[in-house]
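Only one structure is covered here, and it is reproduced in the block below.
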Amino acid sequence: MANFDELIKSSENVLVDFYATWCGPCQTLMPILEELKEELGEKLRIIKIDVDRHQKFAAQMGVRGVPGLFFYKEGKLIKNTSGVLAKHEIKSIFDL
Numbered sequence: 328m329a330n331f332d333e334l335i336k337s338s339e340n341v342l343v344d345f346y347a348t349w350c351g352p353c354q355t356l357m358p359i360l361e362e363l364k365e366e367l368g369e370k371l372r373i374i375k376i377d378v379d380r381h382q383k384f385a386a387q388m389g390v391r392g393v394p395g396l397f398f399y400k401e402g403k404l405i406k407n408t409s410g411v412l413a414k415h416e417i418k419s420i421f422d423l
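The sequence shown begins at 328 in my numbering and counts up one residue at a time.
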């Protein structure tokens, strides 16, 4: 993930979702993220990273569970958590 730093700096608000295809909670989160993308458009960039395909990078980032959510504002990590969050919780983290 050589261009990860560029990706998180490419937008004011970036949500990185570390997920797995076999993960039930990840499947629950998927439509929530799709709704956010439709609702917020350019205000929020969502990056999805499959932990099975990028195990080493997920470990480097300290992902301990999936879905692992990392919140970046203006290129800086402001919060990380694991598990499903409601749409309003995600929006409130970014003050959107």
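In this text, a Cβ means the ideal position worked out from N, Cα and C, and glycines have one as well.
Cβ separation of residue i and residue j, assumed to be a contact under 8 Å, to the nearest whole Å
i, j, result
"I420", "F384", "The pair is not a contact, with the Cβ atoms about 22 Å apart (cut-off 8 Å)."
"S409", "G395", "5 Å"
"P352", "V411", "5 Å"
Alpha-carbon to alpha-carbon, residue j and residue i
i, j, result
"D422", "Q382", "31 Å"
"K364", "R391", "25 Å"
"K414", "L360", "8 Å"
"L334", "V343", "10 Å"
Outcome for residue i when other beta-carbon atoms lying within 10 angstroms are tallied against a minimum of 16
i, result
"N340", "buried"
"L404", "exposed"
Under 8 Å between C-beta atoms of residue i and residue j
i, j, result
"F345", "I376", "yes"
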